[in-house]
Every structure is written in structure tokens, then in C-alpha cells.
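Take a look at the structure below.
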Amino acid sequence: MTKTIRLTMAQALTRFLSQQMTEIDGKTVPIFGGVWAIFGHGNVAGIGEALYQVRDALPTFRAHNEQAMAHAAIAYGKANFRRRFMAATSSIGPGAVNMVTAAALAHVNRLPVLLLPGDVFANRIPDPVLQQAEDFSDGTATVNDCFRPVSRYFDRITRPEQIIPALARTMQVLTDPAECGPVTLSLCQDVQAEAYDYPESFFAERVWTPRRIRPDRRELAAAIAALKGAKKPLIIAGGGVLYSQASDELTDLADSTGIPVCETQGGKSSLPDDHPLNMAAVGVTGTSAANRLAEEADVVLAVGTRLQDFTTGSWSLFKNAGKTIVGLNVQPFDAGKHRALPLVADAAEGLAEIGAALKGWKAPSAWTDNAAKGKKDWQADAAKVTASTNAAYPSDAQVIGAVQRAMGSGVTLLHAAGGLPGELHKLWQAGAPGSYHAEYGFSTMGYEIAGGLGTKMAKPDEEVVVMIGDGSYLMLNSEIATSVMLGLKLTIVLLDNRGYGCINRLQMATGGANFNNLLKDSRHEVLPDIDFAAHAASLGAIAEKVASIAGLETALKQAKKNTRTTVVVIDTDPLVSTDAGGTWWDVAVPEVSARSQVNAARKAYDEKRQMQTIGD
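Taking UniProt numbering, the leading residue of the sequence shown gets 1, the next gets one more, and so forth.
Below, the structure written as C-alpha cells:
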């Protein structure tokens, strides 16, 4: 007879999570780094009580905003290369829906997180319960259905025994390199408290390790044939290189063949910036060195990348009409994009087998030499735009240069939306794999500080530097207080350009009038004069505003010595961005307008669209 233990559904859930393990560097460690929680009536009595019982094995962390706590959990998973992850629980209603943005972020970026929102009563007796949104035509609908399109796996737990198969599926999704993404288990609040006789075997310790798929022989042969026939081969390194921890295999392949490498936002730091064959960023926010090669390449080995529009210049960047794309990806959906030769495999396994098959083969020396020259030219251009200045309002690039000089490449640099991703992708000189942490798949304003917190939890001994604009800071800054409370020091560089400078520049580039982006161009009675340093200090941070690039470097050197979160604020120019590098991006311009500037922009837009390789 099966031995059982009587627990509530919530108690069974938390006990199960505490028994899931993984192996890192030969040591068995919990796969869940903890649970972020903001309690309300929909989860405090159920999962809240259950988390208290396992608080030593499965620590619970308190946050100030549900979206932010889920961002922190997601960043933790990303910083751990998806080998470890976290959960987040909220109450029913606004607390739950606050996490939907984070779920979408994780879905787009293929990152693991377990979301545990409270839900309505399964028995429906107290309907409508506090915060329940009633659907007049569907008695089964709740606001948590919003999670369905942005979850890899969604389940609503309406009976306590349902958690058994639901958690089995949860772990499969969170640990599968191809299916990896957010899981949402919607927990009906009455069911959280209901008991069931669970088999003791359900709570046995289990160790999960990443699956490493080796290539199909025929797909590998086709890829090798294409590469051996290449005169101008190029490797694009995406985030999958980092998640697979395949930087060594990528380095070996580049070194042995002489094939240049460029990096997507997600793949940046796959190779250190100073590697001679690392051409750095590719695409809309790419370097001249990388984009020039991409235009000419006849074979492109795309490793672990979604090949989204920023990477491909909205499919206008690859100009060689006879090009072949080889899609090395663990997810078949991505491997076959744009008529690529699919090579479905783990990045490390695939690169190793390609390297073995290409042993003795080298790219033409003229191509490799050409790449080296392009890198040298780009480095000269980058040095100019990042050089120190006495300007009252420095550019983002000049601030980046100051941060680089003061902090070096040994830090983990984190950013998300606005103008910084474009400049950092081009200009930041990343060091170790994973030291460049960008959330640019969903480009989520407000990710930065919470993401920095999650990254610091994953890398407690490393210096984590967050770069953020004033617009993003104003959207979500509350986890500064959490970082102070938890003793997790961040260094935050806040660039104040008094509005949404990046979108203002895009508005101008598409012929639009300066409207509703910079604060001065928005409807107002009085222009706000926000003291960001005072605000950050009120949350417990060490904070100061500096007046110059030299002052910024001095402040950052001090920040290294500080023992708690430090915020350094500097005013910047909202209109200046780096002209060097980059390529076209498809942003639709109105066909007709009363503004001549818009009509001129539309004419230029139509001309640029002719570069797109439709259906390619």
C-alpha cells in the first residue's frame, strides 16, 4: 500500500519545490533559489502559511511590487544561465495581473520562472470574492486567464490532487532547453487550504540537469558542406550560446577556423570583447565591423538566436543574394527560420561537432584579415564617442565610457529599455560570459533595478552595475529598498535626459514633431524638477548627483568601496546618439501626412524597404 502524508495543496506545493535539485560545478544544490512573495487575502492563508513551514529550505523574499519581484526572479534565472530559477506568488486580482508583464518578458526571452498567482474560489460559494472580475457569459473565466498566452505551461488548480501532474509538467518545462519559459499555476484560494493524502514518493529529492541534444547526422552533414564551401562565413552568437555555456566551444571554433563572430543583444559576452575575432554587436544596434561582414557573408551560422528584426536589420542586413543560413538551435521553431538549414542541437554539442568536422579547414585569410581591420577601425570610432568630455550634458556614449573606465570589464552590466541598449550593445566591452545582461527581447521599462537585484542574488560576490534612464527609473524603482533590506549592493547609474529621449529621437527620425516624449514637449503647467538622488536616498541608498563625466568616474570609484546600493545621477543630452555603426530598422511611417517632414520620411522609408529580402 502506498505510504501517504496528509497536507494541504499549498503545503504539498512548497514541500515539492524544496526537494527539486540540480548540479552545479559538481555540487547538488536546490534548483529553486527561493520564492518572491507579496501576500494578500488570496494567498496569505494558503501558500503563505505553507512557505513559512519550509522557510529554511525554500527561502521567501518580500518585495514592494509584484511585477518587480517577478522581474527579479527572471533575472536570477538568466544570470544562472537557466540552471537555477525562482518562483513568485501574489494574491488574486491586481497582484496577479501585475505579474503578466513579467510573464511576457520571460516568454519572449525563453527564461524560466514559476508564477503562482492566487485565484477565485473553486467552489464558487463566495462569488464574487474580493478582487474577482466577473465574466457575464463565462463562469470559469478569471483575470488569470491573461497568463495563458504568455506562459509556456498554464494550469488552474481546482482540486488539491491536481498539483501532482501539474508540478511534474512544470519541472519538465522549466528545465527543457527548447521549451523553457514561464509556467503559471493559478491557485484557487480555497483549494490552497484543502488537504489530500499525497504519496510520500511525490516529495522524494530529484536532481534535474540540462538536456544536451546532439545534431542529426544529415542536418550536420548539410551544415558542414555549406561551411566548407563558404568564402565569407560569419557566426552570429545568440543567447543560446550563453544558456548552453558554450563559450569555450565557440572560441575553439573561431580560433581554429578563423570565422569572425558577432553577437546579438542576448548573446553579447559569448566571447570577451578583446577576442580578435569578436566583431561585437550585429544589426540595428551593431558595430560597423560586424554589419559590414553581415552584408557580405555567404554562409551565416546562427547559433542560439531568434533572428529577430534588430539582429537582421528587419531582414535588410544580409545582402549576399546567394547566402545560406545555418540555424543551430535547440528549438526547431528557431532553427528553421528564414529558410535556414536547420541544425537542431544544443549549442555546445553542435559547435563541438562542427569544430571536429571542420578540423584543418580555415576561412580564406583575406576574409579573416578583412574582419581584423574592420574591428580595428571600429575600435577607433568607439574610442572617439566614449572619450571623456567637459560637456554640460554628455551623451549616453560618453557616460558609458566613464562607467567602463571606472568599473572595468570585470563587472556584470545590466540594462533594458530606452536608448541605452543600442549604445551599450555597440560600445560596452564585455568580459566573462554572462557579464552583459540585457533585457531587450521584450524591452521592458522597469526591469533594470529589479533585474539587477535578481542578478545580484545569483552572483552575490560580483559587482552588479545597473544603467537606467530617468523614464524607466520613474516607472519602477521600489526594489532599491529591497536591495538595501537584503544587503544586496547594486551600483545604479541613472542618466537623466528629462523624458523618453530614445523614442523622441525615433519620432524625429520618422518625421514626427517633438511631442509627448520629452517632459518639455508634453502637456504641463509646471515642468517637474525631480531630485532623483534625494529619492534614491529616501529608499535607503547612498546617492549623489554629479555634474560632469570626471565627477561620475570619481563617484563610481567610491561606489566600488560602498557596502550598500549606490545611485549616481548625471544629466545627459536627449538628442545625441552614436552615428557610427547600426543599420536600418523597419518602423512604419504614415503614407500621407499634413507634415512635409513625414512625407519625406515616408519616401526614404519606401526606398529602404526595397532592401528587405521578403520571405528569406
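From the three backbone atoms N, C-alpha and C, an ideal C-beta is built for every residue, glycine too.
Since the model is a prediction, treat every value here as computed from it, not as a measurement.
First and last residue of the uninterrupted beta strand (DSSP E) at GLN20: In the sequence shown, residue 20 corresponds to position 20, counting from 1. 20–24 is the span of the beta strand (DSSP E), which, as asked, contains GLN20.
Length-filtered (4 minimum) alpha helix (DSSP H) runs lying within the stretch 523–588: 532–538 and 549–561
Of the listed residues GLY181, PHE147 and VAL129, nearest to residue 657 (C-alpha basis): Residue 657 falls outside the range modelled here, since the chain spans only 1 to 616, and no answer is possible.
SER18 burial status per 10 Å Cβ neighbour count (16 or more: buried): The residue you call residue 18 lines up with position 18 of the sequence shown. When all chains shown are included, SER18 counts as buried.
Bridge partners - ARG6, DSSP secondary structure assignment: Position 6 of the sequence shown, counting from 1, holds the residue named residue 6. Answer is ASP197.
C-alpha distance - MET21 paired with ILE480, whole-angstrom precision: On the sequence shown, position 21 is the one that residue 21 refers to. On the sequence shown, position 480 is the one that residue 480 refers to. Near 30 angstroms, if we compare the C-alpha coordinates of ILE480 and MET21.
Bounding residues of the alpha helix (DSSP H) (the contiguous stretch that carries VAL592): In the sequence shown, counting from the first residue as 1, residue 592 sits at position 592. It is not in any alpha helix (DSSP H) - VAL592 carries neither H nor E in the DSSP assignment.
First and last residue of the uninterrupted alpha helix (DSSP H) at HIS107: Looking up residue 107 in the sequence shown gives position 107. Looking at the DSSP string, the run of the alpha helix (DSSP H) that includes HIS107 is 100–109.
Burial state of ASP470 (16 or more Cβ within 10 Å): The count along the sequence shown starts at 1 and reaches residue 470 at position 470. Buried, because 16 or more other Cβ atoms sit within 10 Å of the Cβ of ASP470.
Range of the contiguous beta strand (DSSP E) that encloses ASN329: Stepping through the sequence shown from its first residue, residue 329 is reached at position 329. That run of the beta strand (DSSP E) goes 324–329.
Candidates VAL330, ASP298 and HIS71, of which the one nearest TYR243 by Cα: For this step, residue 243 is matched to residue 243 along the sequence shown. Ranking the options by Cα distance to TYR243, first place goes to VAL330.
Own chain partners of THR209 with C-beta closer than 7 angstroms, once the 5 adjacent residues on each side are dropped: Reading the sequence shown from its first residue, position 209 is the one you call residue 209. Correct list, in chain order: THR22 and GLU23.
Range of the contiguous beta strand (DSSP E) that encloses ASP155: As a first step, residue 155 must be located in the sequence shown, where it is residue number 155. 153–157 is the span of the beta strand (DSSP E), which, as asked, contains ASP155.
Inter-stretch contact (C-beta, 8 angstroms, three-pair minimum) for the stretch 320–330 and the stretch 192–202: no
Simplified DSSP state of PHE136, which is helix, strand or coil: For the purposes of this step, residue 136 is taken as residue 136 along the sequence shown, with counting starting at 1. If DSSP states are grouped into helix, strand and coil, PHE136 belongs with coil.
Closer than 7 angstroms: THR563 CB and nearest the ligand GTP heavy atom: Absence of the ligand GTP from the depicted structure is noted, as is the absence of any ligand whatsoever, leaving it without description.
Cβ-Cβ separation, VAL35 to THR8 (assumed contact under 8 angstroms), whole Å: As a first step, residue 8 is located in the sequence shown; it is residue number 8 there, counting from the start. As a first step, residue 35 is located in the sequence shown; it is residue number 35 there, counting from the start. Wrong, their Cβ atoms sit about 16 angstroms apart, outside the cutoff.
8 angstroms Cβ cutoff met for GLN265 and HIS107: For the purposes of this step, residue 265 is taken as the residue at position 265 of the sequence shown. For the purposes of this step, residue 107 is taken as the residue at position 107 of the sequence shown. In this structure, HIS107 does not lie closer than 8 angstroms to GLN265 by Cβ.
Pair within 8 angstroms by beta-carbon distance, VAL173 and PRO233: Position 173 of the sequence shown, counted from the first residue, corresponds to residue 173. Position 233 of the sequence shown, counted from the first residue, corresponds to residue 233. No, the pair does not count as a contact, with Cβ atoms beyond the cut-off.
According to DSSP, residues forming a beta bridge with ASN278: The sequence position of residue 278 within the sequence shown is 278, counting from 1. BP columns for ASN278 point to VAL261.
Host alpha helix (DSSP H) of MET407 (start-end): On the sequence shown, residue 407 is found 407 positions in, with the first residue counted as 1. Counting along the chain, the alpha helix (DSSP H) containing MET407 begins and ends at 396–407.
DSSP bridge partner residues for SER186 (one or two, in chain order): Locating residue 186 in the sequence shown gives position 186, where the first residue counts as 1. Paired residues: ARG156.
Inter-stretch contact (C-beta, 8 angstroms, three-pair minimum) for the stretch 535–546 and the stretch 566–579: yes
CA-to-CA distance, ALA372 to PRO276, given in whole angstroms: Your numbering for residue 276 matches position 276 in the sequence shown. Your numbering for residue 372 matches position 372 in the sequence shown. Each residue's alpha carbon lies about 7 angstroms from the other.
Residues bridged to VAL35 [DSSP beta-bridge criterion]: For the purposes of this step, residue 35 is identified with residue 35 of the sequence shown, where counting begins at 1. THR60 and ALA87.
Among GLU463, ASP138 and PRO94, the one whose alpha carbon lies nearest that of GLY408: Here the question's residue 408 lines up with position 408 in the sequence shown. Here the closest residue by C-alpha is GLU463.
Buried or exposed by the 16-neighbour rule on C-beta atoms within 10 Å, applied to THR101: For the purposes of this step, residue 101 is identified with residue 101 of the sequence shown, where counting begins at 1. Flag for THR101 reads buried.
Cβ neighbour criterion (16 or more within 10 Å) applied to LEU527: By 1-based counting over the sequence shown, the position of residue 527 is 527. Exposed.
ASP119 - containing alpha helix (DSSP H), residue span: In the sequence shown, counting from the first residue as 1, residue 119 sits at position 119. That residue, ASP119, is in no alpha helix (DSSP H); its beta strand (DSSP E) goes 113–119.
Cβ neighbour criterion (16 or more within 10 Å) applied to ASP135: For the purposes of this step, residue 135 is taken as residue 135 along the sequence shown, with counting starting at 1. With fewer than 16 other Cβ atoms within 10 Å, it is exposed.
Burial state of ARG218 (16 or more Cβ within 10 Å): As a first step, residue 218 is located in the sequence shown; it is residue number 218 there, counting from the start. Its Cβ having fewer than 16 others within 10 Å, ARG218 is exposed.
8 angstroms Cβ cutoff, VAL567 in contact with chain C: Any reference to chain C falls outside this structure, which holds one protein chain only.
Any 3 or more C-beta pairs closer than 8 angstroms across the stretch 64–71 and the stretch 45–55: no
Best match in GLU607, GLY267 and PRO272 for proximity to ALA302 [C-alpha to C-alpha]: Translated into the one-based positions of the sequence shown, residue 302 becomes position 302. With distances taken between Cα atoms, ALA302 lies closest to GLY267.
DSSP beta-bridge partners of ARG206: Indexing the sequence shown from 1 puts residue 206 at position 206. Bridge partners of ARG206: GLN20.
ALA438, enclosing alpha helix (DSSP H) - first and last residue: Here residue 438 refers to the residue found at position 438 of the sequence shown. From DSSP, ALA438 is part of no alpha helix (DSSP H) but of the beta strand (DSSP E) over 436–438.
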